[in-house]
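Everything on this sheet refers to the single structure shown next.
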Amino acid sequence: MTAPTTTRTRRTADAPGPLNALLRMELLLLRRNWSAALVAAVTPLLFGFLLARAHSDDPVTGVHGVAGAMGMAAVFSVHYHLTAVYATRRQEGVLKRLRAGVLQDRTILLGTALGGLTVFAGQAVLLVAFGVLVLGLPLPAQPWTMLAGIVLCGAVLAALSAALSGVTRSSEAALLTTLPSVSVFLATPGVLIPVAIVGSVPALVGLLLPLGSMTELVRSGWLGTAGPAGALASIGVLVLWLVVAALAARRLVRWDPRRG
Amino acid sequence: METDTIIEATELRRRYGDHEAVRGISLHVGRGELHALLGTNGAGKTTTVETLEGLQEPDGGSVRIFGCDPARDRTAVRPRTGVMLQDGGLSGLLTVAETVRTWRSFTRGARPVTETLELVGLADRGGVPVAQLSGGEHRRLELALAVLGRPELLFLDEPTTGMDPASRRRTWDAVGELRRAGTTVLLTTHYLEEAEALADRVTILHAGRIVAEGSPAEVVAALPARITFTRPPLEPPRLANAVRDIDAETVGYRSRDLQADLAELLGWAGRTGTVLAGLSARPASLEDVFLGIAATSGSETGR
Numbered sequence: 001m002t003a004p005t006t007t008r009t010r011r012t013a014d015a016p017g018p019l020n021a022l023l024r025m026e027l028l029l030l031r032r033n034w035s036a037a038l039v040a041a042v043t044p045l046l047f048g049f050l051l052a053r054a055h056s057d058d059p060v061t062g063v064h065g066v067a068g069a070m071g072m073a074a075v076f077s078v079h080y081h082l083t084a085v086y087a088t089r090r091q092e093g094v095l096k097r098l099r100a101g102v103l104q105d106r107t108i109l110l111g112t113a114l115g116g117l118t119v120f121a122g123q124a125v126l127l128v129a130f131g132v133l134v135l136g137l138p139l140p141a142q143p144w145t146m147l148a149g150i151v152l153c154g155a156v157l158a159a160l161s162a163a164l165s166g167v168t169r170s171s172e173a174a175l176l177t178t179l180p181s182v183s184v185f186l187a188t189p190g191v192l193i194p195v196a197i198v199g200s201v202p203a204l205v206g207l208l209l210p211l212g213s214m215t216e217l218v219r220s221g222w223l224g225t226a227g228p229a230g231a232l233a234s235i236g237v238l239v240l241w242l243v244v245a246a247l248a249a250r251r252l253v254r255w256d257p258r259r260g
Numbered sequence: 261m262e263t264d265t266i267i268e269a270t271e272l273r274r275r276y277g278d279h280e281a282v283r284g285i286s287l288h289v290g291r292g293e294l295h296a297l298l299g300t301n302g303a304g305k306t307t308t309v310e311t312l313e314g315l316q317e318p319d320g321g322s323v324r325i326f327g328c329d330p331a332r333d334r335t336a337v338r339p340r341t342g343v344m345l346q347d348g349g350l351s352g353l354l355t356v357a358e359t360v361r362t363w364r365s366f367t368r369g370a371r372p373v374t375e376t377l378e379l380v381g382l383a384d385r386g387g388v389p390v391a392q393l394s395g396g397e398h399r400r401l402e403l404a405l406a407v408l409g410r411p412e413l414l415f416l417d418e419p420t421t422g423m424d425p426a427s428r429r430r431t432w433d434a435v436g437e438l439r440r441a442g443t444t445v446l447l448t449t450h451y452l453e454e455a456e457a458l459a460d461r462v463t464i465l466h467a468g469r470i471v472a473e474g475s476p477a478e479v480v481a482a483l484p485a486r487i488t489f490t491r492p493p494l495e496p497p498r499l500a501n502a503v504r505d506i507d508a509e510t511v512g513y514r515s516r517d518l519q520a521d522l523a524e525l526l527g528w529a530g531r532t533g534t535v536l537a538g539l540s541a542r543p544a545s546l547e548d549v550f551l552g553i554a555a556t557s558g559s560e561t562g563r
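Residue numbers (this note's numbering), protein chains in the order written: chain A, 1 to 260; chain B, 261 to 563.
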């Protein structure tokens with residue numbers, strides 16, 4: 001009768017952490033699913049390069065262009081892609097099966113998001129490198145400010161995706177359920193529309209939205225124009241969004257596959 | 261406090277909207293026991309099991325697994341349980357070996373990949389994408405993942421539904437092997453022969469309630485045996501320990517004492533010179549329990 005209890009406590013040293021394992025699983029699945037990889041990883045990057053090039057006449061507009069491209073990459077690689085991923089894993093029963101094991105809910109949700117977030121991080125690095133090496137933009141002056149914006153925005157979009165996946169029937173349906181949020185994100189001044197050409201009211205509204213704060217932190221951090229007050233305000237906006245999105249995710253996320 | 265009670269459920273209730281799927285189920289499973297929950301679709305088996313697994317919280321009553329609440333004390337309970345859900349839970353794009361390797365990372369003290377696959381007879385299928393497995397192989401892979409951490413308590417929700425006989429035999433062998441190692445098992449099934457072959461105790465559920473409980477032999481013994489024959493011209497007798505039902509063509513008795521009733525019947529036939537064409541007498545089987553339940557419940561189906 002003691003046999004099961006003694007074997008239970010034995011640990012295998014080679015087993016990596018659960019977050020690491022979930023990340024590797026997601027990246028492996030992304031590699032094997034070409035259409036998802038194209039939408040999530042390749043297309044936003046290509047459009048990003050084109051977008052950045054179009055604004056590259058001087059350092060300021062160039063940096064603005066790359067920041068917008070980064071915003072667009074976040075919308076597709078994190079927000080749209082993860083909504084589809086959460087819906088797919090739920091419909092496959094993977095989320096429910098994970099939940100029947102030892103992992104905590106938040107570990108499962110975070111681990112499932114890490115694939116999309118890693119892709120986005122890679123895109124951000126490539127876009128900065130493209131800006132510096134190809135477009136001849138200056139080196140980022142305050143990389144930590146940029147990093148804060150990128151990381152927080154990624155977290156906000158991932159949490160919103162988890163929440164939205166609760167009302168998304170399948171990965172195909174994600175196109176529809178994310179349409180409103182994707183539209184708002186892309187229309188936020190600083191993403192596809194340069195902040196310089198919008199009035200002060202839309203610009204201010206934009207700064208209260210996640211993509212507006214993120215692109216602002218990237219622009220001002222890169223050019224070194226970020227004052228502590230402005231940066232903290234943008235970070236504060238993102239933290240607020242993160243709290244709201246996390247609460248929404250906790251309420252709306254579904255673990256059981258939807259039938260019919 | 262560690263006792264030999266593994267599962268203790270008291271007056272469990274669970275409802276979905278207007279439909280009460282589980283209506284007061286109490287269950288006690290001791291260490292090393294294989295307990296089968298039998299029932300037709302919609303009887304409340306899966307709801308009961310998912311409540312015991314901690315995936316759903318009961319609307320009434322209480323569940324204790326190893327003395328803990330499985331939904332709230334996850335860290336205490338989950339390392340000691342293995343779960344095979346009723347369906348799904350695997351990404352078709354991963355291979356069998358990749359799937360086992362991934363799930364090993366979520367399991368403390370996990371078995372090695374080869375040992376795991378050998379246990380369920382999938383050792384030569386490691387490189388195959390999960391999407392290309394047969395239904396039976398897919399279920400056996402799910403079983404493999406459920407036992408990866410050498411659980412003390414294993415939940416199997418309809419482990420052999422839709423399996424071909426060879427896959428079913430392999431699954432039964434694997435379950436037998438786990439039991440010999442001391443694993444406690446709660447399994448649901450709607451195959452009677454599975455419960456009779458594997459279970460120490462069975463609980464039969466119907467419409468969210470327990471209708472019979474005990475060892476397979478006890479459950480059968482508590483049921484009336486059956487005597488049938490073609491209806492003769494003469495009115496057949498009433499028997500001391502049996503309920504008689506007669507229709508146009510056949511006569512049937514449900515007997516609580518097969519030997520005495522049969523002797524009485526044969527005596528009557530001898531005295532009156534009646535031929536009992538197609539005479540059959542047999543003890544109850546779990547199948548009778550099922551058929552009896554199904555007959556009384558045509559109108560009431562589950563979710």
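Note that the Cβ used here is the ideal one computed from N, Cα and C, for glycine as well.
- Burial is judged here by how many other beta carbons sit within 10 angstroms of a residue's own beta carbon; S365/B has at least 16 and is buried.
- A Cβ of chain B is located within less than 8 Å of the beta carbon of M25/A.
- When DSSP states are grouped into helix, strand and coil, A472/B belongs to the strand group.
- When C-beta atoms of the region 107 to 125 of chain A are compared with those of the region 16 to 33 of chain A, three or more pairs fall below 8 Å, so the two segments count as touching.
- DSSP places F415/B within a strand segment (E or B) once states are collapsed to three.
- The distance from the Cβ of A434/B to that of L403/B is about 6 Å, consistent with a contact at the 8 Å cut-off.
- In the three-state reduction of the DSSP assignment, R89/A falls in the helix class, which pools H, G and I.
- E92/A belongs to the set of residues whose beta carbon lies under 8 Å from a beta carbon in chain B.
- At a cut-off of 3 residues, not a single continuous stretch assigned as beta strand (DSSP E) sits fully inside the region 34 to 113 of chain A.
- For F326/B, there is no enclosing alpha helix (DSSP H), as DSSP marks it with neither H nor E.
- Residue environment: G115/A is assigned as buried (16 or more neighbouring CB atoms within 10 Å of its CB, all protein chains considered).
- Between the region 168 to 183 of chain A and the region 70 to 79 of chain A, the count of C-beta pairs closer than 8 Å reaches three or more; the two stretches touch.
- For V289/B, the pairing in a beta bridge is given by DSSP as I267/B.
- Listed in chain order, the non-local C-beta contacts of S220/A below 6 Å within the same chain comprise A226, local neighbours out to five positions each way being set aside.
- Apart from the 5 residues on each side of it in sequence, G71/A sits with its Cβ closer than 7 Å to the Cβ of G190, V191, L211, M214 and T215 in its chain, given in chain order.
- A contact between stretches requires three or more CB pairs, one per stretch, nearer than 8 Å, and the region 40 to 50 of chain A fails this requirement with the region 388 to 400 of chain B.
- Inter-residue distance for P419/B and L452/B is about 13 Å (C-alpha atoms, whole angstroms).
- The beta carbon of G314/B is closer than 6 Å to those of P330 and A331 in its chain, skipping five residues each way along the sequence.
- T307/B has its alpha-carbon roughly 49 Å from the corresponding atom of L126/A.
- With a threshold of 8 Å between beta carbons, P18/A makes contact with chain B.
- Annotation: S515/B is outside any alpha helix (DSSP H); the continuous beta strand (DSSP E) that includes it extends over T510 to S515.
- Under the three-state reduction of DSSP, F489/B is assigned to strand.
- Using a 10 angstroms sphere on the CB of H279/B, the tally of other CB atoms stays under 16, which defines it as exposed.
- Taking CB atoms only, L28/A has a neighbour in chain B less than 8 Å away.
- Fully enclosed alpha helix (DSSP H) runs of no fewer than 4 residues occupy 425 to 440 and 452 to 458 of the region 411 to 463 of chain B, in order along the chain.
- Under the DSSP assignment, A155/A falls in the alpha helix (DSSP H) whose first and last residues are P143 to S165.
- Taking 8 Å as the threshold, the shortest C-beta distance from A174/A to chain B does not fall below it.
- In the three-state reduction of the DSSP assignment, R504/B falls in the strand class, which pools E and B.
- Cβ contact annotation for K305/B (same chain, cutoff 7 Å, sequence separation greater than five): L297, G299, T448 and L465, in chain order.
- Using a 10 angstroms sphere on the CB of I266/B, the tally of other CB atoms reaches 16 or more, which defines it as buried.
- In the structure shown, R31/A falls within a helical segment according to DSSP collapsed to helix, strand and coil.
- Distance from the CA atom of T367/B to the CA atom of G17/A, rounded to whole angstroms, is 10 Å.
- The region 158 to 209 of chain A contains, as complete alpha helix (DSSP H) runs of 4+ residues, the segments 174 to 177, 179 to 187 and 200 to 207 (chain order).
- The alpha-carbon separation between R274/B and H288/B amounts to approximately 18 Å.
- Look at R361/B here: in three-state DSSP terms it is helix.
- If you draw a 10 Å sphere on the C-beta of G396/B, you find 16 or more other C-beta atoms in it, and that means buried.
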